[in-house]
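Written out below as structure tokens is the structure these notes cover.
2 protein chains.
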Amino acid sequence: MEGARQLREDYPWIHTPLVVGAPMRLIALADMAVEISKAGGLGFIGVGTDTSTLCSDLQAAAKLIDKSSIKTGHSVMPIGVGFINWGADLSTAIPLIAQYQPAAVWFFAPTSMSSLSKWTTQTRNASPRTKVWVQIGSVKEAVEAMQAARPDVLVVQGTDAGGHGLAQGASLITLLPEVSDNVSPKCGEGRYPQPILIAAGGIADARGVAAALALGAPGVVLGTRFLASPEANISKGYRDEILRANDGGQSTARSKIYDNLRGIAGWAETHNARGVINKSYVDAMAGMDEEENQKLYEEEVKKGDAGWGVEARMTTYAGSGVGLVRDVKPAGDIVREVREGSRAVLEGLSGGAVVGKL
Amino acid sequence: MEGARQLREDYPWIHTPLVVGAPMRLIALADMAVEISKAGGLGFIGVGTDTSTLCSDLQAAAKLIDKSSIKTGHSVMPIGVGFINWGADLSTAIPLIAQYQPAAVWFFAPTSMSSLSKWTTQTRNASPRTKVWVQIGSVKEAVEAMQAARPDVLVVQGTDAGGHGLAQGASLITLLPEVSDNVSPKCGEGRYPQPILIAAGGIADARGVAAALALGAPGVVLGTRFLASPEANISKGYRDEILRANDGGQSTARSKIYDNLRGIAGWAETHNARGVINKSYVDAMAGMDEEENQKLYEEEVKKGDAGWGVEARMTTYAGSGVGLVRDVKPAGDIVREVREGSRAVLEGLSGGAVVGKL
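In order, the protein sequences belong to chains A and B. Residue numbers for the first sequence follow the working numbering, so the first one is 1065 and each next one is one higher. Residue numbers for the second sequence follow the working numbering, so the first one is 1065 and each next one is one higher.
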């Protein structure tokens, strides 16, 4: 697979299949990003919509990296930074990208393709070795992103993903192969190289990694799995809820209610977020007035860790893979475990027991 | 993988990974089922809710099988029959199961677990060599089905599937591993053998088959892919729409509207169906009165093949893998192509280009 070779060239410290830490806003900070990269993955800082802490986050990461022995090759910083572009401030971000030269930037949910193009051009001017990753959730978005930005990487997000993504969509099972078929340069159209596809959405263990490889991605993004690591910047209540929830397709749902209750405005109508079903969601589905629901939410916030749970109201963003998350592990151990495990899964299958004839 | 060995023992004519033809109601009849089995797969007749044609369908299949050379082993009929149990008539079905001894029965959406148990017991009494397959869409359903029926096979259906299934759910990416972990007999609980898991929902080509294997299923179900075969009992308009639709997560949606317009009652509130988005769906989402929508639908029916399409109103049930279906092929060729292709995908991955270290 050509993509794997390219990944190892672009990020010399990684092992393949590449395990990426999702840029979870407020949750994936310097500590998590660096631990993931130290284990041969690629960690992202979740900048999200607010670039005001980006400088201190990058400074913190730089210190942690100085103390480690990551082979960075082209002198880039061996982590990435992830933006939610509709809210992020370009003029704050670009000088910091120029100064710290992260290995990658991850763009998601820009207001327009011309905005995506602008972020991309300015990033490449500011730090030519920084790779541009663009997250998409449909074939249409993939083709548009290729035309606007020619990203190095398309992060293909299936609908099992936790947190924000397209409200309407397919899982990786169909989305990844269909995107792959539609972004391959066709004969006579070789104007841009094939982007590397990285799979996101529902991957929480070695089996999911192996499946993503089979579907055509030489690397994967894990988000929900890293919530159960000491490096995740979340409350105990949030983490306990991640460990509790099972039957992920039933215990989570996509909705706009959690953003609405928390007063987070700005997401387009096309996007919502997957979280663990709780009282806020059940009440909203039953028709409760949003103002009343919000009042109850605000009271719940005061309870601290007790505010999370199926009978409580604090938001637990998580993907449908939440049922596969059963223990807390250091982020680096998660990286190694799912990567090595995926090799074992594939070696077991190619041994012939399954794929052999009679 | 233990399941693959068991499959080859239970269905001696098959090759693994097993490719199964979904029991699509009114669409997958004797011709398709037999062609799939002749190619080393396992074809199902889609009996659905109406058992009145089961006798003639089985008779037709028996004639087709007589003319072929399928190795049946234990003298079962080398195809399966699929029921939608809430509507199917047990007293019609059982004598025909006894007479024709299909290799498998596929149960889906029973009114209760005691009903599922009754269907299972009577089937096993009527034809001990007939294997019992039960379709589930959540971990909860899987565990309940195991307790009620101890099926030989659990068909694990992810939310990408076309036609009917759970309205709320996860894709195979998370559902299959989580079901697998929850139906494995635990230490001291070895009362029943581990069921074989067969993956359904969004699998339309070799990459999907390989992914399902990686996720833990030694076999897969294809439905939407077989709609583009000459053996599918559908109109040209329906088939053309399958070939046209792409970006499957965007061009299809889960809804109850299609059943409602066609006057199909009986499905539980928990279930709906995925179909290609058309005018009926768009109008329903925009708030059109259902009676008005139904009237427009009934006018559309008169148009024949022209009644299908994104600007038309005839129902095109299809999974989100519809964008991967680009040509019409004989059902047997599809079976061979995806099976052999999945081996090539896995062999390519285990070659080391992707999973090798630096």
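Glycine included, each C-beta is placed from N, C-alpha and C at the ideal position.
Asked: Endpoints, beta strand (DSSP E) assigned at residue 1227(B); Found: 1227-1230
Asked: Limits of the alpha helix (DSSP H) - the one that residue 1400(A) falls within; Found: 1395-1414
Asked: Residue 1315(B) - containing alpha helix (DSSP H), residue span; Found: 1312-1315
Asked: Collapsed DSSP secondary structure at residue 1279(B) in the structure displayed; Found: helix
Asked: Residues, ordered as in the chain, of the region 1310-1336 of chain B that lie near chain A by beta-carbon distance below 9 Å; Found: 1310, 1311, 1312, 1313, 1314, 1316 and 1317
Asked: DSSP beta-bridge partners of residue 1141(A); Found: 1166(A)
Asked: Where residue 1189(B) falls, given that 16 or more other Cβ within 10 Å makes a residue buried; Found: exposed
Asked: Cβ contact check for the region 1261-1278 of chain B and the region 1297-1308 of chain B: 3 or more pairs under 8 Å; Found: no
Asked: Distance between residue 1145(A) and residue 1200(B) (C-alpha atoms, nearest Å); Found: 40 Å
Asked: Range covered by the beta strand (DSSP E) that runs through residue 1342(A); Found: No beta strand (DSSP E) holds residue 1342(A); DSSP gives it neither H nor E.
Asked: Whole alpha helix (DSSP H) elements within the region 1150-1195 of chain A, 4-residue minimum; Found: 1154-1164 and 1177-1190
Asked: Chain B contacts made by the region 1269-1297 of chain A, where a contact means CB separation under 7 Å; Found: 1269, 1271, 1272, 1274, 1275, 1277, 1278, 1279, 1280 and 1282
Asked: Buried/exposed call for residue 1351(A), threshold 16 Cβ in 10 Å; Found: exposed
Asked: Any chain B beta carbon closer than 8 Å to residue 1101(A); Found: no
Asked: Cross-chain neighbours of residue 1204(A) in chain B, by beta carbon under 8 Å; Found: 1311 and 1314
Asked: Residue-level contact to chain B via CB, residue 1411(A), 8 Å cutoff; Found: yes
Asked: Within chain B, the residues that residue 1232(A) reaches when beta carbons sit closer than 8 Å; Found: 1313, 1314 and 1317
Asked: Per-residue contacts from residue 1414(A) into chain B (C-beta, under 7 Å); Found: 1410, 1411 and 1414
Asked: Coil, strand or helix - residue 1134(A) by DSSP; Found: coil
Asked: Three-way DSSP call (helix, strand, coil) for residue 1422(A) in this model; Found: Confidence in residue 1422(A) is poor, its pLDDT being 32 and thus under 50, which makes the residue's placement unreliable; the coordinate value appears in the next sentence. Reduced to three states, the DSSP call for residue 1422(A) is coil.
Asked: Burial state of residue 1349(B) (16 or more Cβ within 10 Å); Found: exposed
Asked: Buried or exposed (CB count within 10 angstroms, at least 16 for buried), residue 1023(B); Found: Because chain B in this structure spans residues 1065 to 1422, residue 1023(B) falls outside the shown range and cannot be described.
Asked: Closer than 8 Å at the beta carbon, the chain B residues around residue 1239(A); Found: 1312, 1313 and 1384
Asked: Minimum C-alpha distance to residue 1192(B) - residue among 1210(B), 1218(B) and 1165(B); Found: 1165(B)
Asked: Assigned secondary structure, residue 1326(A) (DSSP; H/G/I helix, E/B strand, else coil); Found: coil
Asked: Minimum Cβ-Cβ distance from residue 1387(A) to chain B less than 8 Å; Found: yes
Asked: Option nearest residue 1130(B) by Cα separation, candidates 1197(B), 1358(B), 1094(B) and 1322(B); Found: 1094(B)
Asked: Min CB distance residue 1226(B) to chain A below 8 Å; Found: no
Asked: Span of the beta strand (DSSP E), counted from its first residue to its last, around residue 1221(A); Found: 1217-1221
Asked: Given residue 1006(A) as reference, the closest of 1390(B), 1090(B), 1067(B) and 1406(B) once Cα atoms are compared; Found: It is not possible to answer for residue 1006(A), since the shown part of chain A is limited to 1065 through 1422.
Asked: Collapsed DSSP secondary structure at residue 1100(A) in the structure displayed; Found: helix
Asked: For residue 1266(A) and residue 1112(A), believed in contact at Cβ under 8 Å, the rounded distance; Found: With a Cβ gap of about 21 Å, residue 1112(A) and residue 1266(A) do not count as contacting.
Asked: For residue 1173(A) and residue 1197(A), believed in contact at Cβ under 8 Å, the rounded distance; Found: Not really, about 13 Å apart at Cβ, beyond 8 Å.
Asked: Residue environment, residue 1211(B), which counts as buried when at least 16 other CB atoms sit within 10 Å; Found: exposed
Asked: Buried versus exposed, by CB contacts within 10 Å (16 or more), residue 1370(B); Found: exposed
Asked: Cβ contact check for the region 1394-1408 of chain A and the region 1102-1110 of chain A: 3 or more pairs under 8 Å; Found: yes
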